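First to last, the sequence lines map onto chains A and B. Under this note's numbering, the final residue of the first sequence carries the number 658; numbering is consecutive throughout. Under this note's numbering, the final residue of the second sequence carries the number 462; numbering is consecutive throughout. Here the structure comes first, spelled out in structure tokens, and everything after it is commentary.
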Amino acid sequence: MSEILIKNASVCDPAQGINCETMDICVRDGKIVDSVSGNAKVIDAEGRLTMAGGFDGHTHSAGKINVGRFINPNDARKNLVPGLSGQVARTEKTRAQVGYNTPNTYAIGYRYAKLGYTTICEAAIPLLAARHTHEEFKEIPILDKMGLSLFGSNWQVMEYIRDKEPEKLAAYIAWGLKASRGYGVKIVNPGGGEAWGWGKNVSGLYDPVPNFDVTPEEILMGLAEANERLQLPHSVHVHCNNLGKPGNYATTIETMKLFEKVKPSRDRQSLHVTHVQFNAYAGTSWRDFETGAPMVSDYINGANHLTFDLGQVIFGPAVTMTADGPVEYANSRMLHEKWSNQDIELEDASGVVPLFYSPKSFVNAVQWAIGLELALLVKDPWKIMFTTDSPNGGSFVNYPEAFTYLMSAKRREEVISGFSKMALDRMVLPGIDRELDFYELAVMTRGTQSKIYSRPEKGNLKAGSDADIAIYDILPGQIDPATEYQKVKKAFSGAAYTLKDGVVVVKDGEIEATPKGRIYWVNAKVPENIDSTMQKDLDFKFKKYYTVSKSNYMVEDMYLENPVEIGTEGVF
Amino acid sequence: MPVIKDAVCSLCGSLCDDITVTVEDNKITKIENACILGHSKFVGMFEHDRIETPMIRKDGELVSVSYEEAIEAAAKILVSSRRTLSYGWCSTSCEAISGAIQLAEETGSIIDSTANVCHGPSALAAQEKGSPSASLGEIKNRADVIVFWGCNPVHAHPRHMSRYSSFSKGFFTEKGRKARTMAVIDVRKTDTAKLADKYVEIEQGSDLLLVTALRSIVNGHEDVIPETVAGVPKAEIIELAETLKNAKFACIFFGMGVTQSRSKYKNGDAMSSLISDLNQHTKAVMIGMRGHYNVTGFGQVATWETGFPMAIDFAKGYPYYNPGETGANDLLVREEPDAAIIAAADAGAHFPQKAVRHLARIPVIQIDPYANPTTELADVVIPSAIVGIEAEGTAYRMDAISLHMKKLIDSKFKTDEEIVKDLTEKVRELKRGA
């Protein structure tokens, strides 16, 4: 039995409504408990800010990030955030580290832990390539991991929707999650991946997908229905059509409205819209490009069925990587940048393109503003998950920098003062004076994630929850984040303590221990007769069209370290 | 009598996963679906080349020893070396590769793969211009134009054309070869070229010229092309460019004829640009024809563990990468390494003379199931089980799709994964002692 008593912690735990109250936290055998014995090891928090371990609900940390590393060896040397990037030699406790936007697997684990984060969700797993994602997961130390499996341009999905076979569709989703050991349903540019198989795209919700006689709207509604039928822990996770195009805010709102009619089967949202910054653009071209955040935020403020994440931009180099194949080709042509593409047979597309966000570019400046506008204009932080869509908007190691933008109008003004007038005319950020407090920040970096992924043991400090805890070198009440934002940034950049399952993994910003995390995956129950008729269709697909055998497609148990199987009951 | 279905063939980068294997008394007695190369591997045609026991060179002769003795001797070489080259690791599992990288990191070694003498330039090309690719099933289901450039799958990847490319039938390609245009670009009329609709014979080492000419035509600058380029008449180049442009889905498969000929990585760089240009008109992708069954896997594992796909120097404690400086042959030609591990590859047979000469001068540890010219240079020889037959593990197909290779029969040999783990443990023990 191992026990820890964290004394004098200034606890910020929105799940319990606790806002920087000084109290003790007790830990026994990796869980938070009400009390411990006198033998407990004592950590004196000395009044410092204490939160649950951070939970990044949308990041690209395994799988296609390897293509990003592969084509950008220069990234390995970049050290834009000292202590959290660049080349670091191995030590007795840690493996060698490289990188900034695309760090090696070990660096990902260490650096998230230094930020006080303990759980991540890889937001795109192609089913056929899922084994690769899990191989990388195995080599990311410390963190608990989960991944979202891609279904938005999948032939079997589109055929079942076209043929109006919702039960078989649900059975296929359940099988696909099991095959890929995924946690939820990711939809990227629905239908667009298949169109990209012919070098084309879809232009919106009602554009037919070539050869499959379905529309993106039908794909979204079909998958949402299957998602709820299976009672999955997470809602569908949607990357909207028309990402990265001026004027796309209308498609985004249209997509959000579609889901008003979807009834969630669990106590969570029915839709999660991801990296909305890239989907909240107004104007008709890059010439008259401007923010669409006010329109999108207005809609979200009046809606109660959805959550979203930001995809906040960080100035400097980034690497875009997405299953949205056509958008990456367009990026590479527009930016004259190198381009990688990896379409997956019968399933989806993807691409990787590096880019640079410059404050001198009015487009980039407006993009930077849009993420913050979304976070500040949407009133309820419980609808918001803070992300940079790492490394699409910028690397996760910049989270502390981005927190200062959210917490300090003065800091924002500093950045904005370098923008051109043209950029200022296209954004509304300068008129927003809202400043988030630690409580709201904890909601966006922990609380929302716990709720939207139905992981009640994560993202909070309730008794019974995992003892994933971050203590930051900040004395709430004695610091004004609006003016002392550099202190805020420093504290969030290297936790005083990070505990993972009750083990001190970071102390004074340095790695102390590197335990292995868990892998969460969902095993959804489907009636046998429905599953067996669906399997016959699938056997045909494998025999005729796939290039691997069905038996070799499933990710084997040996690839999952410390797996946690989440069972759900389907409603058929 | 166990019959194992859907076994993965661990011979070439096609990684066919539909092999049926019959095992009797721990012997493979029947193979179905494999090509002649795969078949030979499965039925043990190379059994006579197996290294029977671990060996250490004493007084110029290799003498049999136990695994423990061989591991200890190898570990001693590693701890007393200041500059070890670890090379190969492409005919083994990703798990063994991962262990080898950790060993290289802990010993401050340089680790490089067989890409150093095959598709290494393709990686450099991808770092310049990216890698517009797809999984092989995309070609099977969609491609109506297929080009084999500087490669000869009939001999090197015998089932490639029937399973994935020219002859395969898929969703949008149900007529298979009949509805496909197949072109071969090569310096000689190979057996693959004999099967093609169009054979373009180019002058040795002039691939870059031809790719550039194709790009010019695709981009509407036909007028700048001279009457012949790379020994190919202009009309023929225009016809090829039009075939590519008018495809519904085109794929260029490229081999070592492109990567190891003059202009090296610039050929791949230009080809990636050509693919990007073609996508202005149609859908096009490119796929490297990788040779060893898991050379792609080395690149993948090395990239996620170190940030780089090959030629990784751990001398500073963190990964440093500069092919041309840190590649296996760069080092050997400079006579820099003072020890080497050669595993699951044969430097003795494939490296230039000057490199081999240096290998002969320094202590060499070989880890391999088979005796080969490297054995003649080795001071410590550690035999291993054959992955995909006697040991399980992960491998990556040429299109970066990973598969789990099954263990089919038992073996007295240790696996590469175990050998690397034992070696690492022994090195740690010796270092602690020191």
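By construction, the Cβ of each residue, glycine as well, lies at the ideal position given by its N, Cα and C atoms. Note that the structure is predicted; figures quoted are calculated from it, not measured.
Interface residues of chain B around residue i at Cβ under 8 Å?
{"i": "serine 637 of chain A", "result": "Lys33 and Asp34"}
Whole-angstrom Cβ separation of residue i and residue j, contact assumed at under 8 Å?
{"i": "threonine 534 of chain A", "j": "asparagine 478 of chain A", "result": "The pair is not a contact, with the Cβ atoms about 19 Å apart (cut-off 8 Å)."}
{"i": "glycine 279 of chain A", "j": "aspartate 434 of chain A", "result": "4 Å"}
{"i": "alanine 215 of chain A", "j": "isoleucine 538 of chain A", "result": "Alanine 215 of chain A to isoleucine 538 of chain A, Cβ: 25 Å. No contact."}
{"i": "threonine 177 of chain A", "j": "isoleucine 151 of chain A", "result": "Incorrect: roughly 24 Å between the Cβ atoms, too far for contact."}
So is residue i buried or exposed if we call it buried at 16+ other beta carbons inside 10 Å?
{"i": "phenylalanine 282 of chain B", "result": "buried"}
{"i": "glutamine 355 of chain A", "result": "buried"}
{"i": "glutamine 155 of chain B", "result": "buried"}
{"i": "phenylalanine 626 of chain A", "result": "exposed"}
{"i": "isoleucine 560 of chain A", "result": "buried"}
{"i": "proline 227 of chain A", "result": "buried"}
{"i": "aspartate 410 of chain A", "result": "buried"}
{"i": "valine 612 of chain A", "result": "buried"}
{"i": "isoleucine 111 of chain A", "result": "buried"}
{"i": "valine 329 of chain B", "result": "buried"}
{"i": "serine 618 of chain A", "result": "exposed"}
{"i": "aspartate 450 of chain B", "result": "buried"}
{"i": "glutamine 232 of chain B", "result": "exposed"}
{"i": "lysine 344 of chain B", "result": "exposed"}
If you draw a straight line from the alpha carbon of residue i to that of residue j, how long is it in whole angstroms?
{"i": "methionine 317 of chain B", "j": "arginine 216 of chain B", "result": "18 Å"}
{"i": "alanine 210 of chain A", "j": "glycine 480 of chain A", "result": "17 Å"}
{"i": "isoleucine 456 of chain A", "j": "threonine 474 of chain A", "result": "12 Å"}
{"i": "proline 261 of chain B", "j": "alanine 241 of chain B", "result": "11 Å"}
{"i": "phenylalanine 176 of chain B", "j": "serine 383 of chain A", "result": "52 Å"}
{"i": "glycine 143 of chain A", "j": "alanine 383 of chain B", "result": "50 Å"}
{"i": "serine 119 of chain A", "j": "serine 540 of chain A", "result": "Before going on, a small fix: residue 119 of chain A reads as valine here, not serine. So the two alpha carbons sit approximately 20 Å from each other."}
{"i": "glutamate 453 of chain B", "j": "serine 476 of chain A", "result": "37 Å"}
{"i": "glycine 268 of chain A", "j": "glycine 233 of chain A", "result": "5 Å"}
{"i": "alanine 199 of chain A", "j": "serine 494 of chain A", "result": "25 Å"}
{"i": "tyrosine 544 of chain B", "j": "alanine 298 of chain B", "result": "Residue 544 of chain B cannot be examined here, being either before or after the span of chain B that is shown, 29 to 462."}
{"i": "tyrosine 246 of chain A", "j": "lysine 254 of chain A", "result": "7 Å"}
{"i": "threonine 50 of chain B", "j": "valine 71 of chain B", "result": "10 Å"}
{"i": "proline 562 of chain A", "j": "phenylalanine 345 of chain A", "result": "40 Å"}
8 Å is my cut-off, CB to CB: does residue i come that close to chain B?
{"i": "arginine 197 of chain A", "result": "no"}
{"i": "alanine 215 of chain A", "result": "yes"}
{"i": "arginine 155 of chain A", "result": "yes"}
{"i": "glutamine 398 of chain A", "result": "no"}
{"i": "glycine 185 of chain A", "result": "yes"}
{"i": "lysine 164 of chain A", "result": "no"}
{"i": "lysine 424 of chain A", "result": "yes"}
{"i": "serine 418 of chain A", "result": "yes"}
{"i": "proline 403 of chain A", "result": "no"}
{"i": "glutamate 221 of chain A", "result": "yes"}
{"i": "tyrosine 246 of chain A", "result": "no"}
{"i": "glutamate 280 of chain A", "result": "no"}
{"i": "proline 227 of chain A", "result": "no"}
For chain A, check one thing: does any of its Cβ atoms lie closer than 8 Å to the Cβ of residue i?
{"i": "tyrosine 349 of chain B", "result": "yes"}
{"i": "alanine 207 of chain B", "result": "no"}
{"i": "arginine 110 of chain B", "result": "no"}
{"i": "tyrosine 293 of chain B", "result": "no"}
{"i": "histidine 183 of chain B", "result": "no"}
{"i": "histidine 432 of chain B", "result": "yes"}
{"i": "lysine 435 of chain B", "result": "no"}
{"i": "lysine 454 of chain B", "result": "no"}
Please list, in chain order, the chain C residues whose beta carbon lies closer than 8 Å to that of residue i.
{"i": "alanine 389 of chain A", "result": "Given the protein chain composition of this structure (A and B), no chain C is represented."}
So which residues on chain A does residue i lean against when the C-beta distance must stay under 7 Å?
{"i": "glycine 165 of chain B", "result": "Glu431, Leu432, Tyr631, Tyr632 and Thr633"}
Along chain B, in chain order, which residues have C-beta atoms closer than 9 Å to that of residue i?
{"i": "tyrosine 258 of chain A", "result": "What tyrosine 258 of chain A touches in chain B: nothing, since even the nearest Cβ is about 17 Å away."}
{"i": "proline 477 of chain A", "result": "Per Cβ cutoff of 9 Å: no residues; proline 477 of chain A is ~13 Å from chain B at best."}
{"i": "glycine 283 of chain A", "result": "Ala162, Glu166, Asn169, Arg170, Phe200, Phe277 and Lys311"}
{"i": "proline 467 of chain A", "result": "Here the premise fails: no neighbours, minimum Cβ distance about 34 Å."}
Anything in chain A within Cβ reach of residue i, meaning under 8 Å, just list it in chain order.
{"i": "tyrosine 346 of chain B", "result": "Gln173, Val174, Ala175, Arg176, Ala182, Gln183 and Val184"}
Name the chain B residues whose beta carbon is nearer than 7 Å to that of residue i?
{"i": "threonine 191 of chain A", "result": "Trp332 and Glu333"}
Residues of chain A with a CB under 9 Å from the CB of residue i: which are they?
{"i": "glycine 352 of chain B", "result": "The contacting residues do not exist; glycine 352 of chain B stays about 13 Å from chain A at best."}
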